[in-house]
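Participant: All you need for the working numbering is the position in the sequence shown, starting with 1, plus 13.
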Amino acid sequence: MAQKTVVTYIDDLTGEESEEISTHTILVNGAGVEIDLTPDNYDDLLERLSPYLTADGARRVRGTAGKSKPRKAGSSQDTAAVRAWAKENGFEVNDRGRVPASVREAYDKAH
14 MAQKTVVTYI
24 DDLTGEESEE
34 ISTHTILVNG
44 AGVEIDLTPD
54 NYDDLLERLS
64 PYLTADGARR
74 VRGTAGKSKP
84 RKAGSSQDTA
94 AVRAWAKENG
104 FEVNDRGRVP
114 ASVREAYDKA
124 H
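(1) Quick one: what's got a C-beta closer than 6 Å to residue 99's C-beta in the same chain, skipping five residues either side?
(2) Could you check if residue 59 is buried or exposed, using at least 16 other CB atoms within 10 Å of its CB as the buried criterion?
(3) Looking at residue 20: is its Cβ nearer than 7 Å to the Cβ of residue 94?
(4) Does DSSP put residue 121 in a helix, in a strand, or in coil?
(5) Go ahead and pull the three-state DSSP assignment for residue 40.
(6) Quick check on the DSSP output: the alpha helix (DSSP H) that includes residue 55 runs from which residue to which?
(7) Give every residue of the same chain whose Cβ lies closer than 7 Å to the Cβ of residue 126, excluding the five residues on either side of it in the sequence, and list them in chain order.
Take a look at the structure:
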């Protein structure tokens with residue numbers, strides 16, 4: 014039996030489908046979310062946050078927030094694609110939460 018997996022990237026804000034979606038991590042008071050946005054919506058987010066991020070008293074922080082990088086959807090870091098591949102290849106992965114590093118490594122080797 015043949016199977017075909019189709020991955021669709023959708024902007025979390027607008028529901029728009031796009032191949033240019035990137036995942037961004039936002040942290041506020043130690044709590045965070047990951048959000049998938051088109052470049053235009055990400056630029057809009059940065060523009061709206063700019064007065065707060067560039068305020069005279071604003072200070073940069075290190076750690077998770079400082080190390081977080083936008084991830085291009087479709088990269089080895091795309092969790093939905095990793096989960097789908099893992100399930101098709103006999104790995105046990107939860108529907109939510111962190112994907113184990115061993116599963117990500119296997120996915121990277123396969124691709």
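The C-beta atom is built at its ideal place from N, Cα and C for all residues, glycine as well.
Facilitator: Checking against the coordinates, here is how it stands:
(1) Excluding positions up to five away in sequence, the list reads 106 and 116.
(2) With a threshold of 16 other beta carbon atoms within 10 Å, residue 59 falls short and is exposed.
(3) A contact, by the Cβ cut-off of 7 Å.
(4) In this structure, DSSP gives residue 121 a helical state, which the three-state scheme calls helix.
(5) Three-state result, residue 40: strand.
(6) 52-66 is the span of the alpha helix (DSSP H), which, as asked, contains residue 55.
(7) The chain is shown from 14 up to 124; residue 126 falls before or after that span and cannot be answered.
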